[in-house]
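Asks:
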Amino acid sequence: MASIILPRVLEVGAGAMARLPAVLQGLGCRNPLIVTDRMMAQLGYLERLRGLLAEAGMGGDVFADTLPEPTAASLEGGLAMVRDGDYDAVVALGGGSPIDSAKAIAVLGKHGGVINDYRFPRQVDEAGLPVIAIPTTAGTGSEATRFTIITDERTDEKLLCVGAAFMPVAALVDYELTVSVPPRTTADTGIDAMTHAIEAYVSRKANGYSDSQALAALRLIGPHLRRAYHDGEDRAAREAMMLGATLAGVAFCNSSVALVHGMSRPIGAFFHVPHGLSNAMLLPAVTEYSLPAASARYADCARALGFAGLDDDDARANAKLLDTLVAINDELQVPTPAGFGIDRDRFFEVRHTMAEQALASGSPGNNPRVPEAEEIVRLYEALW
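Yeah, the sequence shown ends on 388 if you go by our numbering, and it's all consecutive.
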């Protein structure tokens with residue numbers, strides 16, 4: 005049996021952001037706190053959002069100091085606003101980091117404590133303030149997941165927090181907000197979405213519902229990721245990637261992520277590599293490691309992505325999958341850890357700690373091939 009959890013409201017398509025006042029009204033909310041970042045202000049999206057709320061006679065206070073990789077400390081300003089204010093909802097505007105920040109602020113602001121109190125394996129189901137998520141990148145799927153990731157800067161560890169409390173009540177999925185996303189971010193978030201869908205499908209927690217969403221996501225992402233990277237004005241590619249990212253979020257929310265994500269989080273925490281980029285660095289090597297334990301499932305992914313033909317047998321489909329993952333990283337200029345500027349000595353110094361943190365997250369246990377710590381260490385070493 006699978007227990008499926010989704011946002012109560014999904015508005016999908018061009019102009020979906022304009023539905024915010026109606027969605028808030030339907031939830032009985034009139035005074036939201038907007039959680040976002042400075043880039044949303046610079047692009048004019050924040051001003052548009054506040055204008056929509058003002059026209060509807062609603063509040064629109066703003067916390068815009070979220071960080072690209074949110075930390076416990078970066079939440080404090082928003083938490084103080086919630087604790088001192090009378091907000092009845094939180095509107096998240098931005099990529100995965102503002103959405104993750106908003107989720108944490110909505111829960112901690114209502115229930116108190118610190119983020120470490122909410123880390124996995126605790127299941128956090130006590131509702132916080134309702135969150136309405138408006139994603140502006142096609143990648144994390146955070147608008148449709150019951151997860152949030154916050155770094156504990158004291159230990160350089162990314163904390164995975166899980167439960168119904170972190171599922172947005174509503175998501176407004178408006179692909180027009182992604183047209184301004186630059187190529188590097190388009191690549192990193194797009195590969196993140198592809199990784200979500202692949203891992204959801206091969207996960208030990210996969211089920212019929214998550215499979216349907218994962219395959220649908222892969223069919224959208226495969227033909228359109230490189231198009232969106234090369235031409236940000238390609239609206240058909242942007243629309244496909246946005247829907248694909250949301251469906252991939254639905255898929256892994258109701259299945260799981262696996263070893264790529266387990267290994268990715270420590271790289272991000274120690275070396276401040278954007279999450280999608282560290283996933284991209286890892287995806288070919290981890291897929292090759294995992295493939296023997298789920299050959300048929302990975303072959304399904306290859307065919308859904310369009311990397312292999314429907315008449316290719318599993319072995320040929322998987323060979324094409326591995327070749328294409330490497331080729332995509334080359335085409336989308338995904339750097340190696342060295343190319344990103346990570347110091348090799350420091351990386352090797354912390355590789356055992358990263359392996360232990362990866363295992364502690366629980367994600368590697370969902371992988372079709374479950375690794376020991378030393379196997380994870382060797383996979384880290386293989387990146388060099």
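Note that the Cβ used here is the ideal one computed from N, Cα and C, for glycine as well.
From a predicted model like this one, the values you see are computed outputs, not experimental measurements.
Just how far apart, CA to CA, sit residue 33 and residue 176?
Replies: For the purposes of this step, residue 33 is taken as the residue at position 29 of the sequence shown. For the purposes of this step, residue 176 is taken as the residue at position 172 of the sequence shown. Cα to Cα, the separation comes out at about 16 Å.
Asks: Whole angstroms are fine: how far does the CA of residue 211 sit from the CA of residue 189?
Replies: In the sequence shown, residue 189 corresponds to position 185, counting from 1. In the sequence shown, residue 211 corresponds to position 207, counting from 1. Rounded to the nearest angstrom, the two C-alpha atoms are 31 Å apart.
Asks: Residue 229 to residue 155, Cα distance in whole Å?
Replies: Translated into positions along the sequence shown, residue 229 becomes position 225. Translated into positions along the sequence shown, residue 155 becomes position 151. Straight-line Cα distance between these residues: approximately 28 Å.
Asks: Hey, could you find the ends of the alpha helix (DSSP H) residue 321 is sitting in?
Replies: Within the sequence shown, residue 321 is the residue found at index 317, counting from 1. Segment 318 to 335, the alpha helix (DSSP H) holding residue 321.
Asks: Using a Cβ-Cβ cut-off of 7 Å (strictly less than) and excluding sequence neighbours within five positions of residue 107, which residues of its own chain qualify?
Replies: In the sequence shown, the residue the question calls residue 107 occupies position 103. The answer, listed in chain order, is 135, 152, 170.
Asks: Would you call residue 67 buried or exposed, if buried means 16 or more other Cβ atoms sit within 10 Å of its Cβ?
Replies: Position 63 of the sequence shown, counting from 1, holds the residue named residue 67. Buried, because 16 or more other Cβ atoms sit within 10 Å of the Cβ of residue 67.
Asks: Report, in whole angstroms, the separation of the C-beta atoms of residue 284 and residue 383, which I expect to be a contact under 8 Å.
Replies: Counting from 1 along the sequence shown, the entry for residue 284 is found at position 280. Counting from 1 along the sequence shown, the entry for residue 383 is found at position 379. Not a contact, Cβ separation roughly 15 Å.
Asks: Hey, how far is the Cα of residue 275 from the Cα of residue 18?
Replies: On the sequence shown, position 271 is the one that residue 275 refers to. On the sequence shown, position 14 is the one that residue 18 refers to. Their backbone Cα atoms lie some 36 Å apart in a straight line.
Asks: Report yes or no: do the stretch 366 to 381 and the stretch 196 to 213 share at least 3 C-beta pairs separated by less than 8 Å?
Replies: Because the criterion of three Cβ pairs below 8 Å is met, the stretch 366 to 381 and the stretch 196 to 213 touch.
Asks: Residues in its own chain within less than 6 Å of residue 180 by CB, not counting five upstream and five downstream?
Replies: Here residue 180 refers to the residue found at position 176 of the sequence shown. Cβ within range, chain order: 18.
Asks: Can you give me the C-alpha to C-alpha distance between residue 216 and residue 250, rounded to a whole angstrom?
Replies: In the sequence shown, residue 216 corresponds to position 212, counting from 1. In the sequence shown, residue 250 corresponds to position 246, counting from 1. For residue 216 and residue 250, the distance between alpha carbons rounds to 13 Å.
Asks: When you compare only the Cα positions, how much space is there between residue 318 and residue 297?
Replies: Counting from 1 along the sequence shown, the entry for residue 318 is found at position 314. Counting from 1 along the sequence shown, the entry for residue 297 is found at position 293. If I take the Cα positions, the gap works out to 13 Å.
Asks: If we call anything under 7 Å between Cβ atoms a contact, is residue 55 one with residue 83?
Replies: The residue labelled residue 55 in the question sits at position 51 within the sequence shown. The residue labelled residue 83 in the question sits at position 79 within the sequence shown. Cβ distance not < 7 Å, so residue 55 and residue 83 don't count as in contact.
Asks: Where does residue 153 sit, in a helix, a strand or coil, going by DSSP?
Replies: Looking up residue 153 in the sequence shown gives position 149. Residue 153: strand per DSSP, three-state reduction.
Asks: From the DSSP secondary-structure annotation, give me the bridge partner or partners of residue 15.
Replies: Start at 1 with the first residue of the sequence shown, and residue 15 comes out as number 11. Answer is 176, bridged to residue 15.
Asks: Is the Cβ-Cβ distance between residue 44 and residue 98 less than 7 Å?
Replies: The residue given as residue 44 occupies position 40 in the sequence shown. The residue given as residue 98 occupies position 94 in the sequence shown. Yes, these two residues count as a Cβ contact at 7 Å.
Asks: Can you tell me where the beta strand (DSSP E) holding residue 130 begins and where it ends?
Replies: For the purposes of this step, residue 130 is taken as residue 126 along the sequence shown, with counting starting at 1. No beta strand (DSSP E) contains residue 130, which DSSP labels as neither H nor E.
Asks: Nearest CA to the CA of residue 385: which residue from 374, 373, 342, 252?
Replies: Stepping through the sequence shown from its first residue, residue 385 is reached at position 381. The shortest C-alpha separation from residue 385 is found at 342.
Asks: Taking the CB atoms as reference points, tell me whether residue 227 and residue 362 lie closer together than 7 Å.
Replies: Translated into positions along the sequence shown, residue 227 becomes position 223. Translated into positions along the sequence shown, residue 362 becomes position 358. Their beta carbons are not under 7 Å apart, which means residue 227 does not touch residue 362 by this criterion.
Asks: Which residue or residues does DSSP assign as beta-bridge partners of residue 162?
Replies: Taking the first residue of the sequence shown as 1, we reach residue 162 at position 158. Residue 162 pairs with 155.
Asks: Can you tell me where the alpha helix (DSSP H) holding residue 270 begins and where it ends?
Replies: Stepping through the sequence shown from its first residue, residue 270 is reached at position 266. Run containing residue 270: 263 to 275, per the alpha helix (DSSP H) assignment.
Asks: What do you get for residue 192, buried or exposed, if any count of 16 or more other CB atoms within 10 angstroms of its CB means buried?
Replies: Position 188 of the sequence shown, counted from the first residue, corresponds to residue 192. Buried.
Asks: Rounding to the nearest angstrom, what Cα-Cα distance links residue 60 and residue 142 in this structure?
Replies: The residue labelled residue 60 in the question sits at position 56 within the sequence shown. The residue labelled residue 142 in the question sits at position 138 within the sequence shown. Answer to the nearest angstrom: the Cα atoms are 28 Å apart.
Asks: What residues in its chain sit with their C-beta under 6 Å from that of residue 259, if we drop five residues either side in the sequence?
Replies: Residue numbering aside, residue 259 sits at position 255 when the sequence shown is read from its first letter. Excluding sequence neighbours, residue 259 sits near 204, 207, 209, 210, 214.
Asks: Leaving out five residues before and five after residue 278 in sequence, what residues of the same chain have Cβ atoms less than 6 Å from its Cβ?
Replies: Along the sequence shown, read from residue 1 onward, the residue named residue 278 stands at position 274. Excluding positions up to five away in sequence, the list reads 192.
Asks: Residue 29 to residue 110, Cα distance in whole Å?
Replies: To locate residue 29, count along the sequence shown from 1; it is residue 25. To locate residue 110, count along the sequence shown from 1; it is residue 106. When rounded, the distance between both Cα atoms is 18 Å.
Asks: Between which two residues does the beta strand (DSSP E) carrying residue 204 extend?
Replies: Looking up residue 204 in the sequence shown gives position 200. Careful: residue 204 lies outside any beta strand (DSSP E), inside the alpha helix (DSSP H) at 187 to 206.
Asks: Let me check one thing: in DSSP terms, what residues is residue 139 bridge-paired to?
Replies: Position 135 of the sequence shown holds residue 139. Residue 139 pairs with 98.
Asks: Hey, could you find the ends of the beta strand (DSSP E) residue 66 is sitting in?
Replies: Here residue 66 corresponds to residue number 62 of the sequence shown, with the count starting at 1. Looking at the DSSP string, the run of the beta strand (DSSP E) that includes residue 66 is 65 to 67.
Asks: For residue 387, does the three-state DSSP call read helix, strand or coil?
Replies: Here the question's residue 387 lines up with position 383 in the sequence shown. Residue 387: coil per DSSP, three-state reduction.
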